[in-house]
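The numbering used here numbers the first residue of the sequence shown as -17 and each following residue consecutively.
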Amino acid sequence: MLTFSELARDKLAEFAANSEEENLALKISITGRSGNGFQYDLQLISPKEQEDSDHVFEVDDWTVIISESSVPYMEGVTLEFKETLMGGGFHFENPNPGSCRN
């Protein structure tokens, strides 16, 4: 379903370590589309915060919660972290139609 690059996995662990909460899950939702593909929302949440309709997966020792409406578009997706002069950020490599491979 979803994979993480090594750098994305490291950055997620870094963000989680800086949180006061323990046992965080990664919540992913597709919030819309633009000319460049899908727009995503990523949050570190307590698994207790998931909605009944969410789908839960285990990826690289992470609990990943994906909103029901986003699941059909997450097959084969890789979450990456790209370093930039501004510090970098998470990026989705998505091969699915409508994503513009973004």
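Glycine included, C-beta positions come from ideal geometry on N, C-alpha and C.
Delimiting residues of the alpha helix (DSSP H) encompassing residue i
i, result
"D(-8)", "-12 to -1"
Check whether residue i and residue j have beta carbons under 9 Å apart
i, j, result
"T13", "T60", "no"
"T45", "L8", "yes"
"V38", "Q32", "yes"
Identity of the residues DSSP links to residue i by a beta bridge
i, result
"L(-16)", "V59"
Enclosing beta strand (DSSP E) for residue i [first to last residue]
i, result
"L8", "7 to 16"
Residue of the options minimising C-alpha distance to residue i
i, options, result
"D23", "G17, D42, E3, I48", "I48"
"E(-4)", "G71, N78, F39", "G71"
"E2", "R15, I27, N76", "I27"
"M56", "A(-2), P77, E65", "P77"
"Q25", "L6, H73, R(-9)", "L6"
"S(-13)", "F74, E62, G69, T66", "E62"
Mind pulling the beta strand (DSSP E) runs of 3 or more residues that sit fully within the region 18 to 81? 19 to 27, 37 to 41, 44 to 48, 59 to 64, 71 to 75
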